[in-house]
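What follows is one structure encoded as structure tokens, with my remarks underneath.
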Ligand SMILES: Cc1cc2nc3c(=O)[nH]c(=O)nc-3n(C[C@H](O)[C@H](O)[C@H](O)COP(=O)(O)OP(=O)(O)OC[C@H]3O[C@@H](n4cnc5c(N)ncnc54)[C@H](O)[C@@H]3O)c2cc1C
Ligand SMILES: Cc1cc2nc3c(=O)[nH]c(=O)nc-3n(C[C@H](O)[C@H](O)[C@H](O)COP(=O)(O)OP(=O)(O)OC[C@H]3O[C@@H](n4cnc5c(N)ncnc54)[C@H](O)[C@@H]3O)c2cc1C
Ligand SMILES: Cc1cc2nc3c(=O)[nH]c(=O)nc-3n(C[C@H](O)[C@H](O)[C@H](O)COP(=O)(O)O)c2cc1C
Ligand SMILES: Cc1cc2nc3c(=O)[nH]c(=O)nc-3n(C[C@H](O)[C@H](O)[C@H](O)COP(=O)(O)O)c2cc1C
Ligand code: FES
Ligand code: FES
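Residue numbers (this note's numbering), protein chains in the order written: chain A, 509 to 809; chain B, 509 to 809; chain C, 34 to 284; chain D, 34 to 284.
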């Protein structure tokens, strides 16, 4: 393959492997790794700074982890003024993951960051919709479409919608995101999970957590396969990707890009290794362009 | 604890540990283990015999497996005439798991088996509703209520509704089952999953599979915690239970009984060991009745 | 049925990527018959989750032998076991071969498929005439040749590259030795393609295959093992097999 | 940052349930300072998934020492390592202790918390006056006593059951030795309750704690490590620690 790059709304990513939100901070800790990736997605940013949940924030189970970080982040202003300048100097495509607790917060974040040197935005719709009883935005296709449309109106850069599969068919919300003008959907965010102490009380300081890691992969792959068949915009595959073969599976199932999350907690260069591994596998397969790989699970031949 | 038994609609189970459907055949292979359990749930029975899916039918991933058995079973008639007599002689409570592809099949199965020596029924609503585009019955609260009510009308024995959490909030379907007259809900069945071969094609003969095993536990526990808080009927916890501690967690989260599935594939006496382990843990906790344990996650003290 | 513990006595790579492991368990040594398999936990803990099925290759007094390839994670862990380490075993499982008498029996092993044929040959040879045919890609992949020779049987070899014995598939040797109407039996173990080839080409002898396909439990409770049966449906070959008549399944 | 490989040189149980592991890695031996920790992969493969953080207990030429309890699955695997086995290490991580000069430094170790204090004592003792206080439930739980003695420091002991030294919490000994206004420093490692006790009772000395709480990455990228900060918010103590001033966190 001569050209490894992938485009979203005209923005070119050098390769299809991104670091996933919340598992790579702002890409600054391991700059050499960031530079080898197609891009990095930042920790979720909210309008106001957030302290996050009390500890413990992480629980390990066979094949995965639960986290309840609770979106700890410096907030819009400090992110823009203190973090972004350093991030911009990274020389890597930076997608800002934005999160809100009211519909209006998403477009505000996108609008205010649109003047900054960022490659694009990922809307994290997994937070509870405070005004509406606490179900996540991402569980309601109408809200997904509405929030996407409003963000779309505020920027000409790529807008990616990160979907949840918690009690929600991501096909429905992916279609809504597409209707709202999204350039891509990320499939999927963490799955709800609970862990208890020996005394029967929740282990995590945030009570419930989000499942990630290899244990999530079959479910995430199932979701990508369905969503990719249902929408015309690119899908970004995410969930349990640990090596090149995992990434290849997501591309085969229809993803145009992938994100590496939990793996980076174990090996700081995991995402770069995913890319090296994927490239080698594609070379061995004799692929001449991503089109040879992407979606081949459903292709007749 | 002096009395370990649990009742559903007056039927007494000697202890709260059951073998889960599809992972214990008809309880006949390891009779001594079956006899030590609160009861066994049979492989899913359909009106017509089913050959099941082509192989491979099982895939292993970190912390779990995907299966695509495809409900292979001898069908109502042969089950009743050839299997049930032997099962009845087991001396264990036997719950028959019934599955249908049209709403009417569930009550037909329940009605015809109601004359037989079985302890109760578990409605497996995870099959695609053939007449309605293929979404599972269990994904539609109205259908759940309707099917439950019709089954209820055909028997006076316990009717358990086994819920799916695939893209569906089991709280909604649990409420529907309760409204339809269910005596308990089993939470949860397997979660969708996909595995691919190196060539990008589905690994399983049945294409998609169902996730089970320890990797499923945090999600299953989360579901049990929510459902138990939302309905008044007993919850039967299921998903990734491997030992006594896992069972204790499900009881703490609000389950009155538990089912052991995948663990039995690895250790034929796994379910009996779960019961031994659970009993020891409850003794160490000084519990005097199940009420001391069940639901303690949400109890104020 | 409880899983058993048994100490590893020896474990070594006997051909490229093929291990031979001896362990000690008097009870199993007495109980295991040709065709039986054991289901081994690759390590403690939940990952890898499933047991790995391996055939009994040989039995000597209180000791049993396994000979296996290590294509994946579970068998890689088994390959690392050292003397003194403990195996966690479920078995014997499956339905043993019903041993014939006074027949000519042709054994056909492809690659590591030779393993379960060794015990079978040992138990057959006193009361039958046994011929063994072993195949591999190249000479270095032929295993257990010394062991079979010691049984003083007719042994033939085939390699794809002709580096030892007949150049071509081992099934050629079997086919050449089949004499229809003489009540011969064929037992074969190897890749599915080899079994399919035999099923097609062996006429006039009763041919059986040792099937090594995916399983869940190995004990008959999960219906995760499925060979398509001639005429429809599937054979739960962990129960009805693993040694199944080739003309009863769709290959 | 790449993970490093290093051979285990020795591994033995030195007190009930406590292991001492030596491994060789010249680069790490040069780089590790008191307060640094290493994040170790308990085994290959995805389960257990996360690395286990352990403090550097000691360094001797090219070799490093870890001393650890094995409360769970990951450390149980580390406890099984034999000489020649390979460690998979990420480190050094965390912010090392800024070494003072010409001060009186009180070190307080509860149980296996003594481990990181050994390297600290070694690096402090030439230019400071160092007193070490070690506590445990009973005498058999006191570890590294010989090693500390060899450093020719003042060493005091406390046990809950009085079987060795002071009967009562080790913090009693620290409190007794604090002289406000003399610029003393306290470094403590042990259970959270011990650190909280010190934070409450030590007045007039700068007290620091080695925190051993849950982490995700250990490298600062996941925000899964969180100590509540005085005045609100959380300290990402894998970055700002693991050695943190006790008066800066809410215990
Ligand atoms: C009855 C029986 C007897 C066997 N006897 C032998 C023997 O004597 N020597 C030998 O080398 N091999 C034998 N096999 C094949 C052996 O079981 C597999 O090579 C082994 O399970 C692969 O495990 P893994 O951890 O290396 O691979 P992984 O890819 O990690 O395995 C993942 C899952 O797939 C299963 N699996 C993968 N390949 C096979 C396969 N070919 N057959 C069955 N399951 C598979 C594993 O058991 C596991 O559940 C036998 C198989 C069966 C069913
Ligand atoms: C900076 C730092 C330095 C440490 N140094 C030492 C040391 O020198 N000697 C020593 O005995 N212990 C030390 N610990 C504690 C040690 O990390 C835990 O005992 C160990 O991680 C437990 O793993 P496990 O596999 O036994 O338990 P499991 O219960 O299987 O662990 C499950 C998860 O919880 C984490 N975990 C469980 N207990 C702890 C704990 N107390 N602290 C942090 N994470 C925990 C594990 O790392 C893992 O992610 C240190 C911890 C930290 C954070
Ligand atoms: C510690 C942690 C923090 C995360 N924080 C965020 C976040 O801020 N925003 C977001 O959209 N996703 C967040 N995620 C989800 C990941 O981006 C990713 O979708 C998920 O972990 C699944 O991928 P993985 O299995 O590769 O980790 C977080 C995940 C983890 C483990
Ligand atoms: C091989 C296999 C077959 C199954 N067959 C059925 C079935 O026929 N009916 C049903 O309701 N559930 C079936 N299940 C789901 C289990 O009963 C159980 O809900 C699920 O496996 C989760 O529990 P576990 O993690 O303990 O296995 C099956 C599961 C497995 C692994
Ligand atoms: S492997 Fe479970 S029934 Fe055969
Ligand atoms: S453990 Fe990941 S940031 Fe500290």
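C-beta: ideal position from N, C-alpha, C; glycine also.
Practice item. Check whether the Cβ atoms of residue 579 of chain B and residue 599 of chain B lie closer than 7 Å to each other. Key: no
Point to revise | Under 8 Å from the C-beta of residue 105 of chain D: neighbouring residues of chain C | key: Within 8 Å Cβ-Cβ: nothing; residue 105 of chain D doesn't reach chain C, min ~11 Å.
Check your understanding: In the DSSP assignment, what residue or residues form a beta bridge with residue 52 of chain D?
Key -> D/46 and D/101
Point to revise | CB contact below 7 Å: residue 706 of chain A versus chain D | key: no
Exercise for review: For residue 722 of chain A, verify whether its CB is less than 6 Å away from any heavy atom of ligand 2.
Suggested key: no
Practice item. With DSSP collapsed to three states, give me the class of residue 730 of chain A. Key: The answer is helix: DSSP assigns residue 730 of chain A an H, G or I state.
Review point. Any heavy atom of ligand 1 closer than 6 Å to the CB of residue 568 of chain B?
Key: yes
Point to revise | Contact test: residue 256 of chain D Cβ vs ligand 6 heavy atom, cutoff 6 Å | key: Yes, the Cβ of residue 256 of chain D comes within 6 Å of a heavy atom of ligand 6.
Check your understanding: Quick one: does the C-beta of residue 145 of chain D sit closer than 6 Å to a heavy atom of ligand 2?
Key -> Indeed, a heavy atom of ligand 2 lies less than 6 Å from the Cβ.
Practice item. Return the bridge partner residues of residue 719 of chain B from the DSSP annotation. Key: B/574 and B/699
Review point. Secondary structure at residue 670 of chain B, three-state DSSP: helix, strand or coil?
Key: Collapsing the DSSP output to three states places residue 670 of chain B in a strand.
Check your understanding: Which residues in chain C sit within 7 Å of residue 78 of chain D, going by Cβ to Cβ distance?
Key -> 80 and 106
Practice item. Tell me whether residue 283 of chain D sits in a helix, a strand or coil according to DSSP, three-state version. Key: When secondary structure is reduced to three states using DSSP, residue 283 of chain D falls in the coil class, being assigned neither helix nor strand.
Point to revise | Cβ distance (whole Å) where residue 259 of chain C is taken to contact residue 560 of chain B below 8 Å | key: 7 Å
Check your understanding: Can residue 285 of chain C and residue 100 of chain C be called in contact, C-beta distance under 7 Å?
Key -> The requested residue 285 of chain C does not occur in the structure, where chain C is confined to residues 34 to 284.
Exercise for review: May I ask whether a heavy atom of ligand 6 can be found less than 6 Å away from the beta carbon of residue 269 of chain D?
Suggested key: yes
Point to revise | Other residues of its chain near residue 55 of chain C: CB distance less than 6 Å, five sequence neighbours each side excluded | key: 42, 43, 96 and 98
Point to revise | Under the three-state DSSP convention, the category residue 798 of chain A falls into | key: helix
Practice item. Could you check what DSSP says for residue 212 of chain D in three-state terms: helix, strand or coil? Key: coil
**Study point:** Opening and closing residue of the alpha helix (DSSP H) in which residue 532 of chain B lies
**Key:** Segment: none, residue 532 of chain B is in no alpha helix (DSSP H) and carries neither H nor E.
Exercise for review: Evaluate contact between the region 652-671 of chain A and the region 698-713 of chain A, counting only Cβ atoms and requiring at least three cross-stretch pairs below 8 Å.
Suggested key: no
Practice item. Could you tell me the boundaries of the alpha helix (DSSP H) in which residue 88 of chain D lies? Key: Residue 88 of chain D -> not in any alpha helix (DSSP H); beta strand (DSSP E) instead, spanning 85-88.
Exercise for review: For residue 798 of chain B, go through chain C and note every residue whose CB falls closer than 8 Å to its CB, in chain order.
Suggested key: Within chain C, no residue comes near residue 798 of chain B; the closest Cβ sits about 27 Å away, beyond 8 Å.
Practice item. Could you tell me which residues DSSP pairs with residue 223 of chain D in its beta bridges? Key: Answer is none; residue 223 of chain D lacks a bridge partner.
Point to revise | Given residue 167 of chain C as reference, the closest of C/276, C/192 and C/76 once Cα atoms are compared | key: Comparing alpha-carbon positions, the option among C/276, C/192 and C/76 lying closest to residue 167 of chain C turns out to be C/192.
Check your understanding: Counting Cβ pairs, one atom from each stretch, are 3 or more of them under 8 Å apart for the region 148-158 of chain C and the region 220-231 of chain C?
Key -> yes
Review point. From the DSSP output, which residues share a beta bridge with residue 267 of chain C?
Key: C/261
Check your understanding: Exposed or buried, which one is residue 118 of chain D when buried takes at least 16 other CB atoms within 10 Å?
Key -> exposed
Check your understanding: Taking all protein chains shown into account, do 16 or more other C-beta atoms lie within 10 angstroms of the C-beta of residue 47 of chain C, making it buried, or fewer, making it exposed?
Key -> exposed
Review point. Using 8 Å as the threshold, is the region 560-571 of chain B in touch with the region 588-597 of chain B, meaning 3 or more CB pairs across them?
Key: The region 560-571 of chain B, when compared against the region 588-597 of chain B, does not touch it at the 8 Å Cβ threshold.
Exercise for review: Verify the CB distance criterion: does residue 220 of chain C have a CB-CB separation below 7 Å to chain B?
Suggested key: no
Check your understanding: Does residue 570 of chain A get closer than 7 Å to chain C when you measure Cβ to Cβ?
Key -> yes
Check your understanding: Sorry if obvious, but does the Cβ on residue 746 of chain A come closer than 6 Å to a heavy atom of ligand 3?
Key -> Yes, Cβ of residue 746 of chain A sits closer than 6 Å to a heavy atom of ligand 3.
Check your understanding: Is the CB-CB distance between residue 540 of chain B and residue 779 of chain B below 7 Å?
Key -> no
Check your understanding: residue 670 of chain A to residue 263 of chain D, Cα distance in whole Å?
Key -> 35 Å
Check your understanding: CB residue 205 of chain C to CB residue 171 of chain C, shorter than 7 Å?
Key -> With respect to the 7 Å criterion, residue 205 of chain C and residue 171 of chain C are not classified as neighbours on the basis of their beta carbons.
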